[in-house]
Amino acid sequence: MANLSVKICGIEFSNPILPAAGPPTRDGAMCEAAAKGGAGGLVTKTISVKPAEVPHPCMAEIRGGFLNTELWSELPKEQWIETEYAMAKATGLPVIVGMGYTADQIRELAPLVKPYADALELSTHYVGNDISPIIDALRAAKKAVDVPVFMKMSPHPNIQEIAKAVEQAGADALVMINSFGPCLGIDLETGLPLMGSKEGFGWLSGAAIKPLALRCVYDAAKVVKIPIFGVGGIANGRDVAEMFMAGASAVQVCTEAILRGPTVYGKIAKGLNTFLDSHGYKSVDEIKGLTIRKMAERTAAIVAGPPEVDMERCVLCGVCEVSCPYSAISLSEVLKIDKEKCFACGLCVSRCKKLALMMPQ
């Protein structure tokens with residue numbers, strides 16, 4: 000079996016799959032459940048000076064993703080300090096304490112959680128492209144504790160600029176990305192928004208944001224040296240492998256843990272191990288940053304050409320034929336691609352679940 004263990008900022012994780020700060024670690028009992036479910040470490044739900052007043056309804060599954068109006072913890076900080084953190088710590092897993100949001104709030108909170116924290120994760124909650132609140136919050140935390148401080152980031156368009164600034168200001172790792180929004184979903188039976196916020200807006204997470212999260216991790220990993228926790232749309236082991244190839248050192252899971260329960264962490268870890276074994280990798284370190292290295296080695300654009308067909312894998316399901324926009328694919332006893340019609344768009348390759356099609360390298 001492949002080695003899934005990772006070491007980040009001196010903290011050892013048995014595997015790189017952690018819950019993200021949110022409902023999956025809303026209290027000590029859920030932290031215990033995550034540990035039993037196979038998580039390699041814990042990230043507790045973000046706290047602030049006062050409990051959050053969450054609008055309801057606050058969660059909804061939508062096609063391809065998930066909407067939420069989740070805020071920080073609805074539990075008072077005193078309850079976390081008196082009860083919940085101790086339960087998380089008793090699991091024996093590394094505990095990353097989530098907190099936010101302003102520098103003043105973090106100055107108050109950080110010393111209180113210090114006895115329980117192997118690291119802090121700071122959220123500055125959608126501050127746009129203004130770097131100063133992020134830097135101020137980071138400096139407040141670094142001054143208050145002597146454990147690593149990780150900065151959770153929204154999907155900023157200028158992610159490289161902010162990532163470099165956060166690294167230079169002393170962040171020990173980055174966590175990216177937060178959910179994306181605001182977004183809108185509508186209940187067709189009532190005509191009302193799915194979310195109970197004042198304007199009906201929510202934040203998008205789950206599978207729909209994975210390409211965005213991958214891009215942010217990939218861009219940041221090219222310009223910083225500190226580790227990155229990849230967050231957004233992680234549902235299985237192959238998703239984890241993608242995040243590692245983009246440059247992540249570990250991942251966090253939220254939406255999938257909400258939908259499938261706390262046993263999902265171990266299942267994802269098992270899927271990651273299966274992927275690594277099937278491709279001959281001995282550890283996650285071998286695939287970390289693979290895409291960055293491959294792109295650096297690429298000297299020319301891909302030569303367009305029809306996909307290659309592996310008939311030993313092909314089951315003649317017809318999915319590729321039906322969805323080919325150029326009518327270039329035909330099925331009889333074998334799958335045939337008309338080279339004159341094929342536009343080399345790659346759609347069939349992405350749709351083939353049996354991996355029987357591959358673009359030329």
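Positions 0 to 360 (numbering that gives the first Met the number 0) are the ones given, in order, by the sequence shown.
All C-beta atoms, glycine included, are put in the ideal place defined by N, C-alpha and C.
All figures in this text were calculated on a predicted structure; none of them were measured in a lab.
On the three-pair Cβ rule with 8 Å, is the segment 214-225 touching the segment 154-172? yes
Determine whether the beta carbon atoms of Ile233 and Leu211 lie at a separation below 9 Å. Residue numbering aside, residue 233 sits at position 234 when the sequence shown is read from its first letter. Residue numbering aside, residue 211 sits at position 212 when the sequence shown is read from its first letter. No.
Cβ pair count under 8 Å reaching 3, the segment 138-156 against the segment 106-115: yes
Buried or exposed: where does Phe342 fall if 16 or more other Cβ atoms within 10 Å of its Cβ makes it buried? Locating residue 342 in the sequence shown gives position 343, counting from the first residue. Looking at its Cβ environment, which holds fewer than 16 other Cβ atoms inside 10 Å, Phe342 is exposed.
Inspect the beta-carbon positions of Val5 and Ser178 and report whether they are closer than 9 Å. By one-based count along the sequence shown, residue 5 stands at place 6. By one-based count along the sequence shown, residue 178 stands at place 179. Contact: no.
Proximity winner among Val53, Lys209, Arg259, relative to Glu241 (alpha-carbon distances): Within the sequence shown, numbered from 1, the residue matching residue 241 stands at position 242. Out of Val53, Lys209, Arg259, Lys209 has the C-alpha closest to the C-alpha of Glu241.
CA-to-CA distance, Thr298 to Arg259, given in whole angstroms: Your numbering for residue 259 matches position 260 in the sequence shown. Your numbering for residue 298 matches position 299 in the sequence shown. When rounded, the distance between both Cα atoms is 43 Å.
8 Å CB neighbourhood of Asp309 in its chain, flanking five on each side removed: To locate residue 309, count along the sequence shown from 1; it is residue 310. Answer for Asp309: Leu354, Ala355, Leu356, Met357, listed in chain order.
So, for Asn272: in the same chain, excluding its five sequence neighbours on each side, which residues have a beta-carbon less than 8 Å away from its beta-carbon? Start at 1 with the first residue of the sequence shown, and residue 272 comes out as number 273. Closer than 8 Å at Cβ, skipping near neighbours: Met0, Ala1, Leu3, Gly236.
Exposed or buried, Gln360, counting other C-beta atoms within 10 Å across all chains shown (16 or more means buried)? The residue given as residue 360 occupies position 361 in the sequence shown. So Gln360 ends up on the exposed side.
Pop quiz: Ile267 and Ile16 are said to be a contact at Cβ under 8 Å. What is the actual Cβ separation, rounded to whole angstroms? Position 268 of the sequence shown, counting from 1, holds the residue named residue 267. Position 17 of the sequence shown, counting from 1, holds the residue named residue 16. Ile267 to Ile16, Cβ: 5 Å. Contact.
Which of helix, strand or coil does DSSP assign to Val283? Position 284 of the sequence shown, counting from 1, holds the residue named residue 283. Val283 falls in the helix class under three-state DSSP.
C-alpha distance - Asp238 paired with Leu187, whole-angstrom precision: Position 239 of the sequence shown, counted from the start, is the residue given in the question as residue 238. Position 188 of the sequence shown, counted from the start, is the residue given in the question as residue 187. The alpha-carbon atoms of Asp238 and Leu187 are separated by roughly 32 Å.
Buried versus exposed call for Asp129 [16 or more other C-beta atoms within 10 Å across all chains shown]: Here the question's residue 129 lines up with position 130 in the sequence shown. That one is exposed.
Closer than 7 Å by C-beta to Ala38: which residues in its own chain qualify, once you throw out the five before and the five after it? Chain order, please. For this step, residue 38 is matched to residue 39 along the sequence shown. Ile16, Leu17, Pro18, Leu92, Tyr264.
Along the chain, where does the alpha helix (DSSP H) containing Glu241 start, and where does it finish? Here residue 241 refers to the residue found at position 242 of the sequence shown. Run containing Glu241: 236-245, per the alpha helix (DSSP H) assignment.
For Gln167, name the three-state secondary structure that DSSP assigns. One-based indexing of the sequence shown puts residue 167 at position 168. Residue state, collapsed to three classes: helix.
Between which two residues does the alpha helix (DSSP H) containing Lys88 stretch? Locating residue 88 in the sequence shown gives position 89, where the first residue counts as 1. Counting along the chain, the alpha helix (DSSP H) containing Lys88 begins and ends at 84-88.
For Asn14, which option in Arg25, Asp26, Met29, Ala34 has the closest C-alpha, if you only look at C-alpha atoms? Taking the sequence shown and counting its residues from 1, the one referred to as residue 14 is at position 15. Looking at the Cα atoms, Ala34 is the closest of the given residues.
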